[in-house]
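Just below is one structure, and these are the notes that go with it.
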Amino acid sequence: TLLDTRTVPGELKWAASPSEGGWEEVSIMDEKNIPIRTYQVCNVLEPNQNNWLRTDWIPRSGAQRVYVEVKFTLRDCNSLPGVTGTCKETFNLYYHESNEDRESYIKESSFIKVDTVAADESFTQVDVGDRIMKLNTEVRDVKVTTRKGFYLAFQDVGACIALVSVRVFYKTCPLTIRNLATFPDTITGADTSSLVEVRGSCVNQSEEREEPKMYCGADGEWLVPIGGCFCSPGYEEKGGACKACSAGFYKAKSSDAGCFKCPPHSHSVRDGATVCDCHSGFFRADSDPPSMACTQPPSAPQQLISVVNETSVVLEWAPPRRLGGRSDTSYSLDMVARSQLCLPCGSDVLFSPGQTGLKTSRVVVSELRAHTHYTFIVHARNGVSQASGAGAAQSVSVSVTTNQAAPSPVSSILAIDVTRHSLSLSWQQPDRPNGVILEYEVKFYEKDQKERSYRIMRTFSRSVDVTGLNPLTVYVFHVRARTAAGYGEFSAPFEFSTNSGIHAVKFSSCRACIKVYVQKRSKYSKTKQDSEEEKHLNPGVKIYVDPFTYEDPDQAIHEFAKEIDVSSIHIEKVIGMGEFGEVCSGRLRVQGKREIYVAIKSLKAGYSDKQRRDFLSEASIMGQFDHPNIIRLEGVVTRCKPLMIITEYMENGSLDAFLRKHDGQFTVIQLVGMLRGIASGMKYLSDMSYVHRDLAARNILVNSNLVCKVSDFGLSRVLEDDPEAAYTTRVRRKIPIRWTAPEAITYRKFTTASDVWSYGIVMWEVVSYGERPYWDMNNQDVIKAIEEGYRLPAPMDCPVVLHQLMLDCWERERAERPTFSQILNMLDKLIRNPGTLRRTGGDRYIITLQPWSVCEWLQSIGLERYRDTLAAAGYTSLDSLLALTHQEMDRLGIITPSHQNILIASVQQEVLSQMQHMQHSMVPV
Ligand code: ACK
Numbered sequence: 001t002l003l004d005t006r007t008v009p010g011e012l013k014w015a016a017s018p019s020e021g022g023w024e025e026v027s028i029m030d031e032k033n034i035p036i037r038t039y040q041v042c043n044v045l046e047p048n049q050n051n052w053l054r055t056d057w058i059p060r061s062g063a064q065r066v067y068v069e070v071k072f073t074l075r076d077c078n079s080l081p082g083v084t085g086t087c088k089e090t091f092n093l094y095y096h097e098s099n100e101d102r103e104s105y106i107k108e109s110s111f112i113k114v115d116t117v118a119a120d121e122s123f124t125q126v127d128v129g130d131r132i133m134k135l136n137t138e139v140r141d142v143k144v145t146t147r148k149g150f151y152l153a154f155q156d157v158g159a160c161i162a163l164v165s166v167r168v169f170y171k172t173c174p175l176t177i178r179n180l181a182t183f184p185d186t187i188t189g190a191d192t193s194s195l196v197e198v199r200g201s202c203v204n205q206s207e208e209r210e211e212p213k214m215y216c217g218a219d220g221e222w223l224v225p226i227g228g229c230f231c232s233p234g235y236e237e238k239g240g241a242c243k244a245c246s247a248g249f250y251k252a253k254s255s256d257a258g259c260f261k262c263p264p265h266s267h268s269v270r271d272g273a274t275v276c277d278c279h280s281g282f283f284r285a286d287s288d289p290p291s292m293a294c295t296q297p298p299s300a301p302q303q304l305i306s307v308v309n310e311t312s313v314v315l316e317w318a319p320p321r322r323l324g325g326r327s328d329t330s331y332s333l334d335m336v337a338r339s340q341l342c343l344p345c346g347s348d349v350l351f352s353p354g355q356t357g358l359k360t361s362r363v364v365v366s367e368l369r370a371h372t373h374y375t376f377i378v379h380a381r382n383g384v385s386q387a388s389g390a391g392a393a394q395s396v397s398v399s400v401t402t403n404q405a406a407p408s409p410v411s412s413i414l415a416i417d418v419t420r421h422s423l424s425l426s427w428q429q430p431d432r433p434n435g436v437i438l439e440y441e442v443k444f445y446e447k448d449q450k451e452r453s454y455r456i457m458r459t460f461s462r463s464v465d466v467t468g469l470n471p472l473t474v475y476v477f478h479v480r481a482r483t484a485a486g487y488g489e490f491s492a493p494f495e496f497s498t499n500s501g502i503h504a505v506k507f508s509s510c511r512a513c514i515k516v517y518v519q520k521r522s523k524y525s526k527t528k529q530d531s532e533e534e535k536h537l538n539p540g541v542k543i544y545v546d547p548f549t550y551e552d553p554d555q556a557i558h559e560f561a562k563e564i565d566v567s568s569i570h571i572e573k574v575i576g577m578g579e580f581g582e583v584c585s586g587r588l589r590v591q592g593k594r595e596i597y598v599a600i601k602s603l604k605a606g607y608s609d610k611q612r613r614d615f616l617s618e619a620s621i622m623g624q625f626d627h628p629n630i631i632r633l634e635g636v637v638t639r640c641k642p643l644m645i646i647t648e649y650m651e652n653g654s655l656d657a658f659l660r661k662h663d664g665q666f667t668v669i670q671l672v673g674m675l676r677g678i679a680s681g682m683k684y685l686s687d688m689s690y691v692h693r694d695l696a697a698r699n700i701l702v703n704s705n706l707v708c709k710v711s712d713f714g715l716s717r718v719l720e721d722d723p724e725a726a727y728t729t730r731v732r733r734k735i736p737i738r739w740t741a742p743e744a745i746t747y748r749k750f751t752t753a754s755d756v757w758s759y760g761i762v763m764w765e766v767v768s769y770g771e772r773p774y775w776d777m778n779n780q781d782v783i784k785a786i787e788e789g790y791r792l793p794a795p796m797d798c799p800v801v802l803h804q805l806m807l808d809c810w811e812r813e814r815a816e817r818p819t820f821s822q823i824l825n826m827l828d829k830l831i832r833n834p835g836t837l838r839r840t841g842g843d844r845y846i847i848t849l850q851p852w853s854v855c856e857w858l859q860s861i862g863l864e865r866y867r868d869t870l871a872a873a874g875y876t877s878l879d880s881l882l883a884l885t886h887q888e889m890d891r892l893g894i895i896t897p898s899h900q901n902i903l904i905a906s907v908q909q910e911v912l913s914q915m916q917h918m919q920h921s922m923v924p925v
């Protein structure tokens, strides 16, 4: 309250205007006979009244809105006798803000009107004796924010009023505690709608949970409490304050709801405990929460049993009788060994699943020493074992003696001798034989085969000679030892490779020809491959047209080949030399098509008519074919010079050179894939009744995808062009002897069946990676050998089925040879079942070659004199002598030509005759 006239002692002495005849201070007695000061005015009969009464200066004391409560009485004008229109029944309330109490007179103009106040109840008669007065109470509020204080003023304009009391006050939100936060007494805001934000402070022994806040409303009401405080650990809330937990109780965290009774086996003696202390003999682990009971370490594990198995022991036990009130029991093992021998402590002993921190009650201890006494101690621990300070955990022990162990693995294997077909291996006794070694077992397999198929050998010694191996093959070996206790573990894998046995071996496998006696029923139906009439009668089959049947060669060429505008050819580089001129590579862009790489054969200047005709005949022939395994003709340039034949470009060039360059780099399946392509192209040609006559790996081209395509077409040219073609004694034409079937050599019977023979040679070339058929035997010897029934042997690592197919192609009777269609089917079958390609038979030829003393043999041919020379150069076996060449003999000083010839011929003779004896076992018939 800023002012209450009822409590003011003595007179009020407010300023009045006019000072006389207006408001007058009158003291009266209230109902309790206490004197009160009133101001009265009652000039109802005189007009134009303007009587002002002003309070003293009232300091506002921080208030922003003040309330003025006026109690007054007012006479009803009608009840006053003789009054005219001058009588009023209201008065006006004014205020004026000011910083100082200095204004001695009333400056009406500086006052602002608050309201006109009328009486709720006026009265008609004043009966002072009976105190019948109708007292009105009116309250008005005013915003006072600009100065330190203010004045109030009452203006009377002609009423009959008595101001009985004036009270001026402001409102506050009273000091309060909410959510354990204290909020101070707070003066309300200036406006009726304003809220004052107030921050609370945590009560004693509490801490802020979330900033405590509330709003003080205009009429002194607290609104919207936010946040609050928690009682600190050891204290709980009681009646808005924080009280300490009493003894036997604790509160660990401020956020805990209240004090809790101490958990089992713990107590608190003083008020305000945040945690309870464990009873003696009970403990709490660091990680145990205060709410958890105090616990004890476990007692010892029970019923430890051991089962010994050779050098392993299985230990099993039952959990401790007392777990101490916890569920985190774990076990650990200690081991003490006692042996007659002083051995290093077994760091390689294995504990499974482990040695410490075990949750299970079973452990397998292995890799122990044989015949050794061990004591195992099993300890039980839990979370309070450490805290209990008892040191050694509770434990139980058992002693066992191990039996004999199997030997430990052999630690390394050495190859002490390596040949093409054998490996001599040796190894050391295992580190821990654990007894007398009775035997070693050697397991080995080809590395490529993994362990799908392996061989086992047993030996009493620490070495073994492994024979019958494939050359240049990596083998994997494992060795294990056996004692009375059984087999030990196999050693780690050791890899060794057989070698190529350059001299002694290569020639023995490759240079020997084998003779095949045909004593079988043909697998292939009687072929019709050379029955051209039949083809001609077969409608719907496109037949190749011999360009030489055209009188005008240009007519043929334009029938079968497209003329290309030379401007669309872009020559890039020379890639080789053909019979008629250079072969180049370049690019061809035909309108409407994308640019392609091409090979360009050109006819060198100064050619004859015949040469031109022959040159273009290749294009006329090629232009008739359209097959993925036949080189494709793009077109010819005949209208300007030089003449050109444009074909698709084959990135890898000719097959023979390509294979030689990539010796040994392809899988059998890849090689068979190439052969399949060639067979498919040849089947196409044979279906068109075209006989190639010069099928050889050098005439097959290979593109970047390893696709093989038959090339080199032409007729009269064929055998002129080919450097391999030679004159035979019987025919005057050149013939590529090594590739040609006997009937074609002897009486020029060139047919698809003779192409099949050549195909067999191509197969051999492919599988031997471009080896020269019949090596450096001369043509006459080749013809003779073939006539006598000798055939090329299987190349190194050649699958038996492929060699068999070659032999079939080399049937003396051409009708017995397979057709290309049958060859194609056969190869497709092989590709579908690659397992059939796995068996190789090449090695058997070598193994069965009879050794012959070189000395004896030289004697038999009368050239004993070279014995020492040959021995010194390493020619100590018949096999090795197969490597002898004229150049080699020149080098060794065997220079007499006839001696050289005798040596070469007779060694070959000898090998061939040996092979004759064994061929039945070599070639499945
Ligand atoms: O073995 P090469 O690289 O392949 O050498 C010969 C050379 O030209 C002479 O004939 C190569 N050759 C022939 N025709 C083609 C062709 N279409 N694509 C790539 N090279 C070819 C052949």
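With the first letter of the sequence shown counted as 1, position 447 gets the number 447 in the UniProt record's numbering; the numbers rise by one all the way through. Ideal Cβ placement from N, Cα and C applies to all residues, glycine included. On a predicted model such as this, the values are computed, not experimentally measured, just so you know.
Which of helix, strand or coil DSSP assigns to residue i
i      : result
Ala415 : strand
His558 : helix
His803 : helix
Gly835 : helix
Gln64  : coil
His899 : helix
Ile596 : strand
Asn825 : helix
Asp890 : helix
Tyr747 : helix
Closer than 7 Å: residue i CB and nearest ligand 1 heavy atom
i      : result
Tyr649 : yes
Met577 : yes
Ala657 : yes
Val583 : yes
Ile631 : yes
Ser711 : yes
Ser463 : no
Leu701 : yes
Gly635 : no
Gly653 : yes
Ala599 : yes
Sheet register partners of residue i (DSSP bridge)
i           : result
residue 939 : This structure cannot speak to residue 939, because the chain is shown only from 1 to 925.
Ser497      : Val474
Ser27       : Arg37
Gly149      : Pro59 and Ser98
Gln155      : Trp52 and Asn92
Sequence-distant residues of its chain with Cβ nearer than 7 Å to residue i (five each side left out)
i      : result
Glu46  : Thr86
Leu537 : Confidence in Leu537 is poor, its pLDDT being 40 and thus under 50, which makes the residue's placement too unreliable to answer from.
Ile904 : Leu884
Pro834 : Ile669
His627 : Gly681 and Tyr684
Gln303 : Trp317 and Ala318
Beta-carbon contacts of residue i that lie in its chain and below 6 Å, excluding the five residues immediately before and after
i           : result
His653      : The question names His, but residue 653 in the sequence shown is Gly. No residues qualify anywhere along the chain.
residue 927 : Coverage of the chain is limited to positions 1 through 925, which leaves residue 927 absent and any answer about it impossible.
CB contact check: residue i to chain B, cutoff 8 Å
i      : result
Pro553 : In the displayed structure, chain B is absent; only one protein chain is listed.
Could you tell me which uninterrupted alpha helix (DSSP H) segments, each at least 4 residues in length, are contained entirely in the region 667 to 714, listed from first to last along the chain?
Counting whole runs of 4 or more residues, the region 667 to 714 contains the alpha helix (DSSP H) stretches 668 to 687.
What are the uninterrupted segments assigned as beta strand (DSSP E) that are 3 or more residues long and contained completely in the UniProt domain "Fibronectin type-III" (297 to 405), given in chain order?
Fully enclosed beta strand (DSSP E) runs of 3 or longer: 302 to 309, 312 to 318, 330 to 338, 350 to 352, 362 to 366, 373 to 381 and 394 to 401.
Taking only runs that begin and end inside the region 599 to 679, name each unbroken alpha helix (DSSP H) of 4 or more residues, in chain order.
The qualifying runs are 609 to 622 and 655 to 661.
Restricting to runs no shorter than 3 residues, where is the beta strand (DSSP E) found entirely within the region 226 to 267?
The DSSP assignment places complete beta strand (DSSP E) segments of no fewer than 3 residues inside the region 226 to 267 at 235 to 238 and 241 to 244, in order along the chain.
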